[in-house]
Structure formats: structure tokens, C-alpha cells
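So the protein sequences, as listed, match chains S and U. Take the first sequence: its position 50, counting from 1, is numbered 53 in the working numbering, and each next residue is one higher. Take the second sequence: its position 53, counting from 1, is numbered 56 in the working numbering, and each next residue is one higher. Backbone N, C-alpha and C define an ideal beta-carbon position, used for all residues, glycine too. Given the structure is predicted, the values throughout are model-derived calculations rather than measurements.
Number of protein chains: 2
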Amino acid sequence: MAGRVIVYGGKGALGSSLVAFFKAKSWWVASVDIFPNEEADANVVLTPTDSWTDQEKELESKVESIVTGFKLDAVLCVAGGWAGGNAASKAFVKNSDMMWKQSVWSSVLASQLSARHLTEGGLLCMTGAKAALEGTPGMIGYGMAKAAVHQLVKSVAADNSGMPKDSTTVAILPVTLDTPMNRKFMSTADFSQWTPLDTVSQKLFEWTTDKKSRPANGSLVQVVTKDGVTSFVPTE
Amino acid sequence: MAGRVIVYGGKGALGSSLVAFFKAKSWWVASVDIFPNEEADANVVLTPTDSWTDQEKELESKVESIVTGFKLDAVLCVAGGWAGGNAASKAFVKNSDMMWKQSVWSSVLASQLSARHLTEGGLLCMTGAKAALEGTPGMIGYGMAKAAVHQLVKSVAADNSGMPKDSTTVAILPVTLDTPMNRKFMSTADFSQWTPLDTVSQKLFEWTTDKKSRPANGSLVQVVTKDGVTSFVPTE
Chain S
4 MAGRVIVYGG KGALGSSLVA FFKAKSWWVA SVDIFPNEEA DANVVLTPTD
54 SWTDQEKELE SKVESIVTGF KLDAVLCVAG GWAGGNAASK AFVKNSDMMW
104 KQSVWSSVLA SQLSARHLTE GGLLCMTGAK AALEGTPGMI GYGMAKAAVH
154 QLVKSVAADN SGMPKDSTTV AILPVTLDTP MNRKFMSTAD FSQWTPLDTV
204 SQKLFEWTTD KKSRPANGSL VQVVTKDGVT SFVPTE
Chain U
4 MAGRVIVYGG KGALGSSLVA FFKAKSWWVA SVDIFPNEEA DANVVLTPTD
54 SWTDQEKELE SKVESIVTGF KLDAVLCVAG GWAGGNAASK AFVKNSDMMW
104 KQSVWSSVLA SQLSARHLTE GGLLCMTGAK AALEGTPGMI GYGMAKAAVH
154 QLVKSVAADN SGMPKDSTTV AILPVTLDTP MNRKFMSTAD FSQWTPLDTV
204 SQKLFEWTTD KKSRPANGSL VQVVTKDGVT SFVPTE
């Protein structure tokens with residue numbers, strides 16, 4: 004066994020790619036999701052709930068039953084979703100609520116999990132969005148949740164955040180990932196401007212295993228794909 | 004009657020100051036809060052709930068019963084709270100949840116209310132926090148919620164956000180307000196570095212009534228008090 008990683012959102016499109024990638028490198032991989040990922044060595048299957056603290060309790064008790072007597076090398080949080088809507092949309096509040104639960108609950112819980120179970124010098128990576136670096140009037144709830152994740156990364160990366168010594172916390176900020184769902188709903192788009200999932204998995208594997216390759220602690224790394232070539236560009 | 008304003012969080016320290024200030028200028032003032040403000044002309048008293056959409060429904064039905072046949076000149080959202088805690092704190096999730104509900108629920112609902120009831124050229128002002136422009140490791144939930152409000156302001160101020168024509172959306176970003184609660188919990192601090200509530204109320208009254216005095220749409224205006232002198236400084 005080469006190392007140990009938890010993929011939070013391990014049954015989603017990017018999460019499944021990560022699970023498969025790390026498995027192929029002989030890593031112990033656990034998935035946290037509302038559905039099990041059969042490829043993973045262990046699964047934490049969360050019950051959908053409207054109570055964040057209930058989800059916290061369920062997560063911690065289930066994580067403690069699989070992370071026994073060892074620390075994790077990395078926690079990769081790629082849970083999330085997308086919903087549109089502006090301030091005049093009927094679903095404005097409903098969608099803002101959903102975006103919060105999908106992106107921020109998961110990122111905060113992944114941070115807590117990392118504070119408790121990540122090894123010294125380990126990696127926590129969350130998922131933001133390049134769009135949320137500015138206003139997002141057509142998808143307000145989505146932008147708010149991702150902006151919260153960006154600031155969370157800055158907090159968790161700062162001194163006295165409660166994280167293990169020498170650990171690194173960053174976020175990837177994709178534009179559009181090349182997922183089956185995105186192909187279905189944007190079938191006429193130019194896919195060569197979308198980021199392949201494997202490219203992201205490979206990069207996160209590199210950051211996990213080669214500390215020198217990592218962006219600086221607290222980095223918000225934009226993931227930009229142009230004509231089939233993907234760049235990972237820290238913000239600012 | 005000089006004009007009409009809704010103060011969201013109208014029973015809090017800053018909210019009460021705003022209600023009194025606008026009342027003294029002969030404005031029609033409605034307060035939205037979980038407690039009534041007896042000075043206000045009308046009160047929307049919200050029932051504490053864990054469901055954002057339930058709060059949305061209650062708010063809209065109660066607002067529609069008091070905002071009848073007219074539009075609002077301003078919606079001033081000063082609801083919010085404070086809680087500390089880093090990623091290793093026991094109350095990390097609980098406090099993050101509370102901060103979200105106090106700051107983001109209110110700001111999103113104030114945005115929706117503005118999209119529906121604000122007059123053309125009206126003012127929506129929300130409340131962020133200067134600290135949340137960077138990482139806030141000792142108060143992670145607070146910083147996340149305020150960063151979400153900052154990005155919300157950018158979204159709501161952008162084109163096609165659903166807001167009335169020519170309206171202005173901004174946020175004030177205080178450091179420390181001179182409230183009874185803050186004096187109680189930080190009794191040895193130098194109060195001359197804190198911002199008096201009246202100073203904020205006066206400035207928001209000015210922005211409401213004199214369009215030329217307003218900061219640019221989408222501004223995050225830092226409220227900085229030094230030796231008793233308060234400056235309102237747009238970020239960047």
C-alpha cells in the first residue's frame with residue numbers, strides 16, 4: 004500500500020476518476036458520498052439530511068470506524084453541484100440552500116476530518132470555481148457557496164487553524180469539467196475547452212505524493228483548459 | 004412621510020440605531036427580525052426555523068401584508084452575529100451553521116425582497132466584514148459567511164441579477180461596532196477604535212437619500228474607525 008486518501012464526493016464524476024486513479028497506483032482509498040463507490044477500499048455512505056450537525060456526527064462516527072490507527076496522506080474534497088438562478092428567480096433560496104449543502108457542508112466537514120485525521124505534512128484539497136472569483140448574477144447561490152469555500156481555504160491554510168503541522172490546504176478552481184453530465188446538458192459545446200477528469204486526478208496525485216510540486220499553502224488554483232491543453236494557475 | 008425603508012435585523016444593535024435614525028427623519032420604517040422593534044411603523048417578526056425555504060415563505064407573506072401598493076426606497080440588511088472557532092473546535096460545524104443562517108440567509112432574503120419590492124434607483128445595503136477579505140482561522144464559520152455575502156453583493160450588483168433598474172447594491176464591512184454587547188465582552192478595549200452606530204446610520208441615510216453620495220454599485224465599503232474618526236473606504 005503506497006498511501007491513504009479519502010475522496011469526499013467519491014461517487015461523483017471527478018470523485019470516481021480520483022478513486023480509480025489512486026487505486027491504480029495501489030493506494031488505500033476511502034470514499035465519502037451518499038452512494039458507495041464499489042472501487043474504493045472503504046465507503047462512508049452519508050444519509051441525506053437537513054441538519055449539518057447530524058451529518059457531522061454520522062460522518063465522524065463512520066470515519067472513525069475505517070480510519071483506525073493510522074493517519075491520512077490526503078483528503079480530497081470534490082463534492083459539489085451546480086444550479087442557476089438570479090435574485091428574481093423562484094428557486095433562488097432553494098438553490099442557494101442546495102449549493103450551500105453540496106459545496107460548503109462537504110468542504111467544512113472535509114476540513115474537520117483533516118484537522119483530526121490528516122498526517123503532518125498532508126494535503127487537503129477542496130473544490131472552488133473560477134467564476135466565483137467575481138460576481139455570478141446568473142447563478143448566485145452557486146457563486147456564494149464557492150466564494151465561501153475560497154475563503155475557507157484561506158482560513159484553514161492560516162496559522163492556528165487547527166490543521167496538522169506542515170499540512171497544505173489548497174483548492175482547485177475549475178471552469179468546466181468534462182463530465183458525462185456536462186456533455187449531456189451542453190452537448191453542442193466545444194469539449195476541447197473543457198478539463199478532462201484524468202488530468203485533474205493526475206495533478207492531485209502529483210500534489211499528494213510530491214510535496215515540492217504543491218502550490219503554496221492557501222492557493223486557489225485555477226484550472227484552465229484551452230484547445231485541449233490544461234494549465235493549473237494559482238490566483239494572483 | 005419622507006420615504007420608506009425596511010431594516011432587516013431591525014431589533015439588533017445597529018438595526019435599532021437605523022430604525023431610530025430614519026424615524027427621526029420622518030421615514031416609514033419596517034423592521035424584519037425575530038423580535039419586534041416597537042419604534043418601527045411595521046414589524047415582520049420571523050419564526051426561528053431550520054428551513055431556509057420556510058423562512059422565505061413566512062417573510063414574503065408577511066412583507067406582502069405591509070408593503071402594499073408602494074415600493075421601497077431602501078432595504079438595509081444588518082442582521083448577523085459572531086462566533087469563533089477553528090477547524091479543530093468542537094463547535095466548528097455548529098457555529099458555521101449558525102453564522103450561515105444569521106448572515107447569509109438574511110442577506111439572500113433581503114436580496115430577494117429587494118428584487119421584488121425595491122423601487123427603481125433604490126438602495127440595497129448588506130453587512131460584510133473587513134476581516135473576511137482575508138483568511139479568518141480563529142473564526143472560520145464567521146469569515147466564510149461574510150465572504151459569501153461579499154460575493155453576493157458582486158452578483159446582485161451585476162447586470163441581469165434580477166434587481167430593479169438603476170438600483171445600487173453595496174455592503175458595509177465593519178471592523179468592530181460600538182455595541183453594548185461588544186462593550187460587555189471586550190470591556191478593556193479602546194473604544195475610540197470602534198465605530199459608533201450613529202455614524203453608520205447617518206452614512207446609510209445619506210446613501211439612501213442622496214444618490215450622488217453612494218459608492219459605486221457592487222462596492223464593499225470598509226468601515227474603519229481610528230481615534231474616534233470613521234472612514235468609509237471602498238475595497239480596492
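As the crow flies, the alpha-carbon of Tyr145 of chain S is around 20 Å from that of Ser114 of chain S.
Using a Cβ-Cβ cut-off of 8 Å, Pro140 of chain S counts as an interface residue toward chain U, since at least one Cβ of chain U sits closer than that to its own. For the beta strand (DSSP E) assignment, the uninterrupted runs of no fewer than 3 residues enclosed by the segment 30-60 of chain S are, from N- to C-terminal side, 31-36 and 45-48. Comparing C-alpha distances from Arg186 of chain U to each of U:Val178, U:Pro177, U:Trp197 and U:Leu176 shows the shortest one belongs to U:Trp197. Ranked by Cα distance from Pro183 of chain U, the options U:Val8, U:Ala16, U:Gly12 and U:Gly6 are led by U:Ala16. Considering only U:Gly125, U:Leu223 and U:Ser19, the residue with the shortest C-alpha distance to Pro39 of chain U is U:Ser19. Between Trp85 of chain S and chain U, the shortest Cβ-Cβ separation is not below 8 Å. Apart from sequence neighbours up to five positions away, no residue of its chain approaches Lys215 of chain U with a beta-carbon distance below 8 Å. At least one CB of chain U lies nearer than 8 Å to the CB of Ile143 of chain S. Per DSSP, Asp100 of chain S is one residue of the alpha helix (DSSP H) stretching across Phe95 to Met102.
Per DSSP, the beta-bridge partners of Phe235 of chain U are U:Val226. Using a Cβ distance threshold of 8 Å, Asp36 of chain S and Gly12 of chain S count as a contacting pair.
Thr130 of chain S places its beta carbon less than 8 Å from that of Val81 of chain S. In this structure, Glu61 of chain U sits near Thr50 of chain U, with a CB-CB distance shorter than 8 Å. Among the residues facing chain U, Lys215 of chain S is not included, as its CB has no counterpart in that chain under 8 Å away.
Sequence-distant Cβ neighbours of Asn46 of chain S in its own chain, meaning closer than 6 Å and more than five residues away, are Ser34 and Pro39. Counting C-beta pairs with one atom in each stretch, the segment 124-141 of chain U and the segment 121-135 of chain S have fewer than three that are closer than 8 Å, which means they do not touch.
In the displayed model, Pro199 of chain S falls within coil according to three-state DSSP, outside both helix and strand. Beta bridge pairing from DSSP links Met129 of chain U with U:Ala174. Taking 8 Å as the cut-off, the beta carbon of Thr179 of chain U is found no closer than this to the beta carbon of Asn220 of chain U. Non-local beta-carbon contacts of Ala150 of chain S in its own chain, meaning distances under 6 Å to residues more than five positions away in sequence, involve Ala135 in chain order. Of the other Cβ atoms in all chains shown, 16 or more fall within 10 Å of the Cβ of Met142 of chain U; this residue is therefore buried. Scanning chain U for C-beta atoms nearer than 7 Å to the C-beta of Gln115 of chain S yields Ala90, Phe95 and Val96, reported in chain order.
Annotation: the continuous beta strand (DSSP E) that includes Ala77 of chain S extends over Leu75 to Cys80. The beta carbon of Ser29 of chain S lies closer than 6 Å to those of Ala5 in the same chain, with the five residues before and after it left out.
Per the C-alpha coordinates, the member of U:Asp181, U:Thr212 and U:Trp31 positioned closest to Leu200 of chain U is U:Asp181. Closer than 8 Å to the CB of Gln154 of chain S there is at least one CB belonging to chain U. The alpha carbon of Thr212 of chain S has as its nearest neighbour, out of S:Lys97, S:Gly125 and S:Gly138, the alpha carbon of S:Gly125. Within the same chain, Cβ atoms closer than 8 Å to the Cβ of Ser158 of chain S are found at Ser164, the five residues on either side in sequence being excluded.
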